[in-house]
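First comes the structure, then the notes that go with it.
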Amino acid sequence: ELINKFFIPFHGLNLPEDVHKGIGDDAAVVSVGGELLAVSVDTMTEGVHFYPGIDPEDLGYRSIATAISDMAAMSATPRYVTLSLSIQSIETAWMKKFIKGVKACIVQSDCYLVGGDTVKGALSIAVQVVGICGSKPIYRSGAKENDLVAVTGFLGGAKTALPFLGRDGELSPDIKYVLHRYHRPSPRIGLAKELNKYMNSAIDISDGLITDIGQIAKQSKKKINLIKERVPIDPKILALVTREIATENALAGGDDYEIAFTFDKEYLDKIDKIGNKANIPITVIGTVEKGLGVSVLNESGGTFNQYRSQGFDHFNSRA
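Okay, here's the thing in structure tokens:
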């Protein structure tokens, strides 16, 4: 609402030709020297996006990974990163661990930390990423009528981790697993590049599947139907929560940083082969049709309206 009211109208339609995509997607897309570049920025604040006392190494890794995930949603390759750190005081041990986590994700993602800023204040990290687009950047607005809707990986792991954040003592393997899903997300950069030629629209799942799919529906001016039973629930979370809660976490939880996308059904076999080759499941979970909004249905067509408005709200949610 804030973005739509104040920022989308900022330039109106008066954007220069070198701006291919402005405000409102996972990243802006601009042309510079013949290259198409994707540019995004993400801010994480203590108490909202991460909990007080989080291990600084996990915080460093998570800060970069969540920002880089926007590049996957655009089917771009992350290349350059800048980092702005607001912190109350400089503690050498904390900084060493934080930088270790930042470096681990930077190296794994084959990109470079090239600058940033440091200020004194409440703990907050802002990460800007510049990526190189292929010949076909993927936007939220490209869904077409009769497209299939698919998602990479499994959902619900990060949301299931929330009650265990900051817990001390010996933890079960299942709890350790969901905590890892929360602390160390895996941006689907390589997979998105392989899927590029087949995707019509895409978004990364940061605020929850329904909320994020809703962005595709809104910007594509289409109706999206999701089939509840087809949503790929992370199997390991069923040792920690009931299937009902697991389903809700998969539908309405955020922080999974998988990719939801739409594509023409004629490419289903090719997409299955890409997922199998990468050893990352790709699951068809719905369809696109005329209309507006998102509905969650069961196999018999019943609607579950209680899921429609759930998801991460940046102004009401807390870590």
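Each residue of the sequence shown is one higher than the one before, counting from 44 in the numbering used here. Each residue gets a CB set at the ideal place from its N, CA and C atoms; glycine is no exception. Since this is a predicted model, take the numbers as computed values, not measurements.
- Rounded to whole angstroms, the separation of the alpha carbons of Gln131 and Glu237 is 42 Å.
- From the listed residues Val75, Val124, Arg273, Ala81, the smallest Cα separation to Asp61 is found for Val75.
- Only exposed fits Leu45, as fewer than 16 other CB atoms lie within 10 angstroms of its CB.
- Here the C-alpha atom of Lys187 lies approximately 38 Å from the C-alpha atom of Leu102.
- A contact between stretches requires three or more CB pairs, one per stretch, nearer than 8 Å, and the segment 300–307 meets this requirement with the segment 186–205.
- The Cβ-Cβ distance between Lys261 and Glu332 does not fall below 9 Å.
- Per DSSP, reduced to three states, the secondary structure at Leu252 is helical.
- In this structure, Ala147 keeps its C-beta atom at 9 Å or more from the C-beta atom of Met114.
- Pairing Arg122 with Pro275, the inter-Cα distance amounts to about 31 Å.
- Two segments are said to touch when three or more pairs of C-beta atoms, one from each, lie closer than 8 Å; by this definition the segment 273–293 does not touch the segment 168–184.
- Shown here for Lys240: same chain residues with a beta carbon closer than 8 Å to its own, the five before and five after excluded, namely Lys179 in chain order.
- The criterion of a C-beta distance shorter than 9 Å is satisfied by Ala321 and Leu234.
- Just so you know, the alpha carbons of Thr254 and Gly336 end up roughly 10 Å apart.
- By alpha-carbon distance to Asp160, the top candidate from Leu269, Val192, Val124, Leu283 is Val124.
- Between the beta-carbon of Pro99 and that of Gly144 there is about 7 Å, and that keeps the pair under the 8 Å contact cut.
- The criterion of a C-beta distance shorter than 9 Å is satisfied by Pro230 and Ser112.
- Judged by DSSP secondary structure, Thr285 falls outside any alpha helix (DSSP H); it is assigned neither H nor E.
- When secondary structure is reduced to three states using DSSP, Pro121 falls in the strand class.
- Restricting attention to alpha helix (DSSP H) runs no shorter than 4 residues, the segment 194–224 encloses them at 200–204, ordered along the chain.
- For the options Ser167, Ser152, Leu191, the alpha carbon positioned closest to that of Gly174 is the one of Ser152.
- Under a 10 Å Cβ-count criterion, Ala136 is classified as exposed, with fewer than 16 other Cβ atoms of the shown protein chains found around its own Cβ.
- Shortest Cα-Cα distance from Leu311 to any of Gly158, Leu191, Asp298, Thr120 involves Leu191.
- The three-state reading of DSSP puts Ile168 in strand, counting E and B together.
- Of the candidates Val172, Met242, Val284, Val172 places its Cα closest to the Cα of Ser106.
- By the neighbour-count definition (other C-beta atoms within 10 Å, threshold 16), Gly296 is a buried residue.
- His92 and Ala245 have their alpha carbons spaced roughly 23 Å apart.
- Per DSSP, Ala186 is not a residue of any beta strand (DSSP E), being assigned neither H nor E.
- In this structure, the straight-line span from the alpha carbon of Glu78 to that of Ala119 is close to 12 Å.
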